[in-house]
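Working notes for the structure below.
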Amino acid sequence: MTISGVVAAPLRFGTGPAAAVLNAVRVGAPATRDRLVADTGLSAATVNRQVNALLEAGLVIERPDLLGHTGVGRPKLPLTLDRDRFCVAGMHIGARRTALVIADVGGRTLYSHAIRTQELAGVDAGAAVERLCDLLAELAGRFSGRRVLWAGAALGGVVDDATGVVDHTILKWRRQPLGDRLHAALGVPVSVSEHVQAMAAAELLLSSTVERSGSSLFFYARETVGMALIIDGEVHQPARGAGTIAGLRVQPGVLATEPVAPLQSVIGTAAVKAAAARLGVEASSSAVADDRARVLGEAVATMRDVLNPDAITVAGDAFSAHPHGLAPVQAAFDAATLLPRPLEIVPTCFGVQVPDSAAVAVALSAVYADPLGVVSAG
1 MTISGVVAAP LRFGTGPAAA VLNAVRVGAP ATRDRLVADT GLSAATVNRQ VNALLEAGLV
61 IERPDLLGHT GVGRPKLPLT LDRDRFCVAG MHIGARRTAL VIADVGGRTL YSHAIRTQEL
121 AGVDAGAAVE RLCDLLAELA GRFSGRRVLW AGAALGGVVD DATGVVDHTI LKWRRQPLGD
181 RLHAALGVPV SVSEHVQAMA AAELLLSSTV ERSGSSLFFY ARETVGMALI IDGEVHQPAR
241 GAGTIAGLRV QPGVLATEPV APLQSVIGTA AVKAAAARLG VEASSSAVAD DRARVLGEAV
301 ATMRDVLNPD AITVAGDAFS AHPHGLAPVQ AAFDAATLLP RPLEIVPTCF GVQVPDSAAV
361 AVALSAVYAD PLGVVSAG
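Just so we're aligned: the sequence shown equals residues 1 to 378 in full-length UniProt numbering.
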C-alpha cells in the first residue's frame with residue numbers, strides 16, 4: 001500500500017475491524033481480547049486476527065504486568081496502545097498564535113511549541129509557510145526514536161483539503177501550497193483541515209464528550225468565529241469547503257455603534273477594547289462582557305434553531321472571558337432559542353489547548369481510520 005503527499009483528513013471514526021479494535025483498546029485500556037469482543041461486537045476470531053495484526057504493526061502492546069491474579073491464558077492478557085513507537089506532528093495556525101505539536105498515537109502531547117503568528121505578518125507568504133514547515137520538521141526531528149506516521153495542519157480561512165492549498169485573509173496568504181510544503185519538510189503523508197472542523201474532530205476522536213450517534217454542534221469564537229457539525233461519528237465536511245458564520249447579523253449593543261452588525265466584527269479583542277474606550281471603562285467590565293455573552297448566546301441559539309443538534313460544545317476565549325463563565329451565555333441562549341427542548345451549552349474539554357488538539361486530531365484521524373494501512377505504507 002502506498003500513501004503519500006496530501007491526503008484529505010477523514011475526521012471520523014474508522015469503520016473497518018482494525019480501526020474498531022484499535023479504538024476499543026485506546027478508550028478502554030487495559031483491555032482483554034474477551035472485552036474487545038464485547039465492546040466491538042466483532043467475533044472472537046475477527047478480534048484475534050486484528051489484535052495480532054495490530055501487535056505486529058506496533059500499534060498495541062501486551063501488558064502481562066497488568067494481569068490480575070485470576071487471569072489465565074492469552075485471552076485475559078491486557079492490551080494497551082504502544083505509546084513509545086510512533087508519533088504524529090501537528091500545526092495549528094491561528095490569527096494570533098501558531099502551535100507546533102508532537103503527540104503519540106493516543107493523542108497525548110509529547111512536546112509543543114508556540115510562536116506569535118504576528119511575527120510572520122511582514123514576511124512573504126511563501127517564506128512564512130516554509131518557515132513554519134521547517135520549524136515543525138525540526139521539532140519532529142527531536143523524536144528520532146519514534147517514527148512519524150502523519151502530519152496534520154489546521155487553520156482558519158479557505159482550505160482545499162484534497163490539495164492542501166490554503167488562503168488566509170488575516171495573514172494575507174493566497175493559494176499557498178501548505179500541504180505540499182509540509183510533506184516536503186517532513187517526508188510523511190499530510191492532511192490539512194479548516195480549523196473549526198479540526199477542533200470538532202478533536203472533541204470527537206480524542207475525548208469521550210461526543211456521542212458516536214446523533215448530532216453535535218461545535219461553535220468557536222475568539223478573534224474569528226466558526227462552527228462545525230458532527231453527525232453520527234463524523235465531522236461534516238462540505239464538498240466545497242467550510243461555510244462561514246462570520247457575517248451572521250447580531251444586535252451588538254455596546255460592542256458597536258450600529259444597531260446591527262456581523263458577528264465576527266463584534267466579538268474579538270479589538271471590538272471589546274473599542275467598546276470599553278467609548279464607555280470609559282475597563283475592557284473586562286460587565287458593561288462590555290455582558291453584551292458579548294448575550295451576543296454569543298443569541299448567535300448559538302440561532303444556529304441551534306436552524307440545525308436542531310442533540311448537543312452543543314463551545315470553545316474560544318470569547319466564551320470563557322466572562323467573569324461568570326458560560327452562565328450568561330447560557331441564559332441568553334435559553335431566552336433566544338425558539339425550540340422547546342432545554343439544551344445545555346458545554347465547554348470544550350481541551351480548554352485553551354483546543355487549537356493544539358485540533359492539529360493532532362487532523363493527523364490522527366487518518367491513523368484511526370486505517371491504522372494498518374498507515375503503518376504499512378511507511
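For every residue, glycine included, the Cβ atom is placed at its ideal position computed from N, Cα and C. Note that the structure is a prediction, hence the values are computed from the model and not measured.
Report the rounded CA-to-CA distance for A321 versus A31, giving the unit in angstroms.
Rounded to whole angstroms, A321 to A31 spans 40 Å at the Cα level.
Please state whether the Cβ-Cβ distance between T46 and A24 is less than 8 Å.
It is not a contact, given that the beta carbons lie outside the stated cut-off.
Whose C-alpha, out of T98, D160 and H183, is nearest the C-alpha of L171?
Checked all of T98, D160 and H183; the closest Cα to L171 is T98.
Tell me the rounded alpha-carbon separation between R12 and A301.
Looking at the two C-alpha atoms, the distance is approximately 26 Å.
What did DSSP end up calling H195 once you bin it into helix, strand or coil?
Three-state DSSP puts H195 in a helix.
Mapping DSSP to helix, strand and coil, what is C87?
It is a strand residue.
Of the residues D291, L338, D317 and R292, which one's Cα is nearest the Cα of L307?
Residue L338 is the option with its Cα nearest to L307.
Please name the residue in T109, L77 and P78 whose C-alpha comes closest to that of C87.
Answer by Cα proximity: T109.
Bridge partners of M227, per DSSP?
F219, per the DSSP bridge assignment.
Report the rounded CA-to-CA distance for G152 versus S193, giving the unit in angstroms.
Those two C-alpha atoms are separated by around 8 Å.
For A99, name the three-state secondary structure that DSSP assigns.
DSSP places A99 in strand when its eight states are reduced to three.
Any idea what DSSP makes of M1, helix, strand or coil?
Only weak support is given to the placement of M1: the predicted model assigns it a pLDDT of 44, under 50, and the value that follows is read from those uncertain coordinates. Three-state DSSP puts M1 in coil, outside helix and strand.
Does the distance from the CB of H92 to the CB of A154 come in under 8 Å?
It is a contact, given that the beta carbons lie within the stated cut-off.
Roughly how many angstroms lie between the CA atoms of V7 and S365, to the nearest whole one?
Taking the straight line joining both Cα atoms gives about 11 Å.
Please report the distance separating the alpha-carbon of V374 from that of V190.
So the alpha carbons of these two residues sit roughly 12 Å apart.
Just checking, does the segment 215 to 234 make contact with the segment 173 to 192 on the three C-beta pairs under 8 Å criterion?
Because the criterion of three Cβ pairs below 8 Å is not met, the segment 215 to 234 and the segment 173 to 192 do not touch.
Excluding five sequence neighbours on each side, which residues of the same chain lie with their C-beta closer than 8 Å to the C-beta of L279?
V254, S285, A287 and V288.
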